[in-house]
Every structure is written in structure tokens, then in C-alpha cells.
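Top to bottom, those sequences are chains A and B. The first sequence lines up with residues 1 to 136 when you count with my numbering. The second sequence lines up with residues 1 to 136 when you count with my numbering. Here a beta-carbon is modelled for each residue, glycine too, at the ideal position from N, C-alpha and C.
2 protein chains.
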Amino acid sequence: MKKDTSAKLMSVGLKVTPNRLAILEVFSSDCRPINAEYIFQKLQGQNINLVTIYRTLSTFEEKGILRFVNVHTDSAHYELAEHHHHHLICKDCGVIEEISICNKLLDKDALSQSKKFNFIESHSVEFFGVCKKCEA
Amino acid sequence: MKKDTSAKLMSVGLKVTPNRLAILEVFSSDCRPINAEYIFQKLQGQNINLVTIYRTLSTFEEKGILRFVNVHTDSAHYELAEHHHHHLICKDCGVIEEISICNKLLDKDALSQSKKFNFIESHSVEFFGVCKKCEA
DNA sequence: ATTCAGGTGCAAAACATTTGCATCTGAAGA
DNA sequence: TCTTCAGATGCAAATGTTTTGCACCTGAAT
Ligand SMILES: [Mn+2]
Ligand SMILES: [Mn+2]
Ligand SMILES: [Zn+2]
Ligand SMILES: [Zn+2]
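Here is the structure:
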């Protein structure tokens with residue numbers, strides 16, 4: 001619903017604009033890491049500039065709305081930050097499967113070995129393999 | 001030692017060339033994820049082309065000599081693949097600390113939740129925070 | 001209705017990385 | 001040692017992604 005979306009923007013001090021709502025729309029309807037170009041294609045109808053999409057993605061990441069996802073490819077992918085999870089990525093076709101596995105001890109363990117950090121804000125975990133389709 | 005390095009190249013069917021030895025040299029003396037430009041700077045003396053470095057990095061990754069490391073920045077970073085470990089990255093200055101923590105169960109747990117994969121080849125884990133220096 | 005910090009479009013720039021092609025070289029074999 | 005050639009390299013140009021400058025526009029606060 002649009003109300004949620006607007007509220008989310010306002011809560012982080014961002015103006016509510018058609019562009020931003022549309023971009024968030026894409027992320028909501030497409031629950032997987034996507035890049036600027038993909039969003040651009042999805043929003044062909046409403047004239048929005050690719051540059052605006054790039055700027056919006058950066059802004060959203062800074063505000064904690066989006067999370068950067070490493071998919072080991074050319075372009076920067078993002079997904080909604082709300083649900084913490086990790087990814088299984090096919091080295092062949094690039095398909096991404098999301099998994100909820102998350103060892104909560106990871107951060108603590110890592111920190112216990114660290115000499116340069118006092119705390120850890122976040123982590124990213126990606127698994128790589130070849131999916132069943134590509135395997136066949 | 002150069003012998004090791006040459007052997008490593010030959011063992012994967014690559015020709016032993018001054019460029020390749022020099023690049024491996026940089027990786028050996030600098031145990032952290034580095035990018036093409038960094039290697040280029042380090043090798044200013046011996047005229048080597050930046051393109052060659054890019055091509056070499058790709059080749060080495062394919063042959064399993066190097067591992068791609070996601071440091072959430074502009075350029076592609078690599079490190080010697082021989083030692084499996086993970087990274088703690090400062091969001092401010094980009095400093096990277098390596099840690100040996102690795103929950104071996106990670107792959108198995110992930111796979112147990114997957115519907116699209118039969119096996120996992122590798123994983124990458126990165127922790128993000130602000131280092132003590134930047135915190136101060 | 002007024003105001004203005006922040007958002008957007010457009011064009012151009014910046015950057016990292018790749019590709020085409022001619023030339024060179026490592027190393028295998030004679 | 002000499003020959004041979006697949007693979008390695010340099011150079012220039014192309015690609016593709018992301019950023020920046022600048023003028024104009026708009027959301028939202030007053
Ligand atoms: Mn997790
Ligand atoms: Mn590990
Ligand atoms: Zn696949
Ligand atoms: Zn730092």
C-alpha cells in the first residue's frame with residue numbers, strides 16, 4: 001500500500017515524490033536484487049530519468065531503505081533492507097535464490113577475532129554454485 | 001620464491017612470463033584484496049600495460065589462483081585464493097581486516113534450505129562496520 | 001500563497017573494464 | 001640450437017556503468 005511507502009520515506013526525512021514511490025513499488029513487487037537498468041525498464045511508461053534512479057538508489061541505501069547486494073556481476077544490485085537474508089547465486093545464469101539462514105553468532109565470532117574494529121554493523125553472505133537447471 | 005610462483009603457473013597450464021610473475025609478486029607481498037590499478041602503480045618500473053593486468057586477473061581467477069573479493073566499492077578486488085578467510089571492511093576508510101573465522105556448517109545449512117541448487121562451490125562473507133581509527 | 005531545500009532532467013564527463021588487431025614470445029618439438 | 005605457433009601483450013578504441021554540473025521544478029513547511 002502506498003501509505004506505508006510514503007511513511008517510510010518521510011520517516012527518514014525524504015520528500016515523497018512519484019519517482020521514489022514508483023521505484024519502491026518495483027522493489028516491493030519484485031523481491032530480489034535488481035539494478036538501475038532493470039528499474040528503468042520497468043518504469044518506461046512514466047518518464048523517469050536513469051540518472052534519477054541512480055541517485056535514488058544511493059539515497060535509499062544511505063537512509064537504510066535499501067541494501068547493496070553483491071552478485072559478482074557488472075552492475076550494482078539492491079534489495080529492500082527490511083528482511084535480513086542471504087543469497088545463493090548461480091555462476092552460470094546468475095539466478096538468485098534467497099535463504100533465511102543466518103548464524104547470529106557470526107558477527108560476534110568475527111568481532112572476537114578483530115583487532116581493528118569495536119563493532120560490526122552488518123554482514124553479507126553469498127553462496128556460489130551452479131543451479132539445477134544449468135547443471136542439467 | 002620465484003620457483004614456487006613459476007610452478008604455480010605451469011601447474012594450471014599457463015605460460016611463465018615476467019608480467020605474470022610480477023603480478024603474483026605483488027599479491028604475495030601485499031596480503032590483502034587489491035585491484036588492477038593498485039597493481040599497475042606497484043609495477044610502474046617494468047612497463048606493463050593496464051590491459052594486461054585486467055586480462056591476467058581474469059585468467060588467474062578462472063584458473064583458481066585468485067579469488068574475487070567483494071569490498072563494496074567501485075573496482076574489482078582480488079586476493080590469492082590459497083587461504084580461505086573472510087573480511088571486515090570499514091565503511092569509512094575502506095580498510096580491510098582479514099579474519100579466519102569460517103563456520104563450516106554454513107554451506108550445508110544453506111544447501112538444506114535451497115530448492116534450486118544441488119551443491120555449493122564457494123561462499124563469501126563480509127562484515128561491515130567502522131574501524132577504531134575512523135570511530136575516533 | 002510564498003518560499004526554498006531538495007529533487008529531477010538533460011547533456012556531458014568520468015571510470016572501470018573489455019575488445020580488436022597487429023606483434024611478440026615462451027616453450028614444445030625437431 | 002633452431003623452428004614453430006598458440007598463447008601473451010601492447011596500443012587504441014569501444015563499451016557499459018555510474019557520476020557530475022547546472023538549470024529548472026516541486027514537495028512540504030510556514
Ligand atoms: Mn545474515
Ligand atoms: Mn568461509
Ligand atoms: Zn543457473
Ligand atoms: Zn576506517
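- Membership of serine 112 of chain A in the alpha helix (DSSP H) is indicated by the continuous run 105-113.
- Residue-level contact check: glycine 94 of chain A does not touch chain B, since none of the beta carbons of chain B fall below 9 Å from its beta carbon.
- Judged by their CB atoms, glutamate 98 of chain B and cysteine 31 of chain B are nearer to each other than the 9 Å cut-off.
- At a Cβ-Cβ threshold of 9 Å, lysine 132 of chain B and asparagine 118 of chain A count as neighbours.
- The continuous beta strand (DSSP E) containing leucine 88 of chain A extends over residues 86-90.
- Excluding the 5 residues flanking it on each side, isoleucine 34 of chain A has same chain C-beta neighbours closer than 8 Å at Val26, Phe27, His77, Tyr78 and Glu79, in chain order.
- With 16 or more other Cβ atoms from the protein chains shown falling within 10 Å of its own Cβ, asparagine 70 of chain A counts as buried.
- Taking all protein chains in view, the Cβ of alanine 7 of chain B is surrounded by fewer than 16 other Cβ atoms within 10 Å, so the residue is classified as exposed.
- Scanning B/Met10, B/Glu82, B/Glu37 and B/Ser122 for the CA closest to the CA of threonine 52 of chain B turns up B/Glu37.
- When the Cα atoms are used, phenylalanine 128 of chain A and histidine 123 of chain B turn out to be separated by approximately 6 Å.
- Contacts with chain A at 9 Å (Cβ-Cβ) do not include phenylalanine 60 of chain B.
- Rounded to the nearest whole angstrom, the C-alpha separation of serine 29 of chain A and glutamine 44 of chain A is 16 Å.
- When beta bridges are read from the DSSP output, cysteine 131 of chain A appears opposite B/Phe117.
- Proximity of chain A to isoleucine 99 of chain B at the Cβ level (cut-off 7 Å) is accounted for by Ala110, Gln113 and Ser114, in chain order.
- Using a CB distance below 8 Å, the part of the segment 70-94 of chain A facing chain B consists of Asn70, His72, His86, Leu88, Cys90 and Lys91, ordered along the chain.
- Annotated three-state conformation of arginine 32 of chain B is coil, per DSSP.
- Taking C-beta atoms as the reference points, isoleucine 23 of chain A and leucine 88 of chain B fail to come closer than 9 Å.
- Bounds of the beta strand (DSSP E) holding isoleucine 99 of chain B are 96-99.
- In this chain, the alpha helix (DSSP H) harbouring glutamate 62 of chain A covers 50-62.
- By the 16-neighbour rule on beta-carbons within 10 angstroms, cysteine 90 of chain B is buried.
- Looking from the CA of serine 58 of chain A, the closest CA among B/Leu9, B/His72 and B/Leu66 belongs to B/His72.
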